[in-house]
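Read through the structure below, which is laid out as structure tokens, and then see the notes.
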Amino acid sequence: QVQLVESGGGLVQPGGSLRLSCAASGTFFSIYTMGWYRQAPGKQRELVATITSGRTTTYVDSVKGRFTISRDNAKNTVFLQMNSLKPEDTAVYYCNVFGARAWAWGQGTQVTVSS
Numbered sequence: 258q259v260q261l262v263e264s265g266g267g268l269v270q271p272g273g274s275l276r277l278s279c280a281a282s283g284t285f286f287s288i289y290t291m292g293w294y295r296q297a298p299g300k301q302r303e304l305v306a307t308i309t310s311g312r313t314t315t316y317v318d319s320v321k322g323r324f325t326i327s328r329d330n331a332k333n334t335v336f337l338q339m340n341s342l343k344p345e346d347t348a349v350y351y352c353n354v355f356g357a358r359a360w361a362w363g364q365g366t367q368v369t370v371s372s
């Protein structure tokens, strides 16, 4: 069974940066397109960014130019570098496979952007 463990969240002021990590175990991680998702209070979970096995990336318009997704297949880990953070980026962030049946969701990591 695949296990996903997200980390790196925290409280940051507007304009600040955070780097999220997601470690996957129990799967051939490198062959999958991975995604970062987020869920704000009272809202549905939304896809933020994806990265293919060949490292092609996509981003939702609201984070383009500010967020960067990357992966280290040797460590079964996907990252999300978040710069120029805004209050509207506040959410619980999760990673999961994209374009295939979702694995069991991890606990996520809370990102709070506030002054």
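Numbering follows this note's numbering, in which position 55 of the sequence shown is assigned residue number 312; successive positions increment by one, without gaps.
Backbone N, C-alpha and C fix where the C-beta goes; we use that ideal spot for every residue, glycine too.
Please read all numbers here as calculations on a predicted model, not as lab measurements.
Got a sec? Which residues, its chain only, sit under 6 Å from residue i by beta carbon, not counting five neighbours each side?
{"i": "Ile308", "result": "Met291, Thr314, Ile326, Arg328"}
{"i": "Tyr289", "result": "Val354"}
{"i": "Ser282", "result": "Gln260"}
{"i": "Leu284", "result": "Reading off the sequence shown, one finds Thr at residue 284, where the question assumed Leu. For Thr284, where only same-chain residues beyond five positions count, the Cβ hits under 6 Å are Val259."}
Express the C-alpha separation of residue j and residue i in angstroms, rounding to a whole number.
{"i": "Ala306", "j": "Gly267", "result": "19 Å"}
{"i": "Lys332", "j": "Ala280", "result": "8 Å"}
{"i": "Phe336", "j": "Gln367", "result": "15 Å"}
{"i": "Ser287", "j": "Lys321", "result": "24 Å"}
{"i": "Gly272", "j": "Ser319", "result": "15 Å"}
{"i": "Gly342", "j": "Arg276", "result": "Here residue 342 is Leu; the residue named in the question, Gly, does not match the sequence. Approximately 11 Å between the Cα atoms of the pair."}
{"i": "Thr369", "j": "Arg323", "result": "16 Å"}
{"i": "Ser371", "j": "Glu345", "result": "9 Å"}
{"i": "Val317", "j": "Glu303", "result": "9 Å"}
Where does residue i sit, in a helix, a strand or coil, going by DSSP?
{"i": "Phe286", "result": "helix"}
{"i": "Val320", "result": "helix"}
{"i": "Ala359", "result": "coil"}
{"i": "Ala331", "result": "helix"}
Compare the C-alpha of residue i against each of the options and name the closest.
{"i": "Ser278", "options": "Pro271, Ile288, Tyr294", "result": "Tyr294"}
Please report the residue range of the beta strand (DSSP E) in which residue i lies.
{"i": "Thr366", "result": "366–370"}
{"i": "Arg295", "result": "291–296"}
{"i": "Gln258", "result": "Premise fails: Gln258 is in no beta strand (DSSP E) and is neither H nor E."}
{"i": "Glu303", "result": "303–308"}
{"i": "Gly267", "result": "267–269"}
Quick one: residues in its chain with C-beta nearer than 7 Å to the C-beta of residue i, no 5 flanking neighbours on either side, listed in chain order?
{"i": "Ala297", "result": "Thr347, Ala348"}
{"i": "Gly265", "result": "Leu275, Arg276, Leu277, Ser278, Thr366"}
By Cβ distance below 8 Å, which residues in the same chain neighbour residue i in space, the five residues on each side in sequence not counted?
{"i": "Gln364", "result": "Val262, Glu263"}
{"i": "Leu361", "result": "This sequence places Ala at residue 361; Leu is not what is there. So the qualifying residues of the chain are Gln258, Val259, Gln260, Leu261."}
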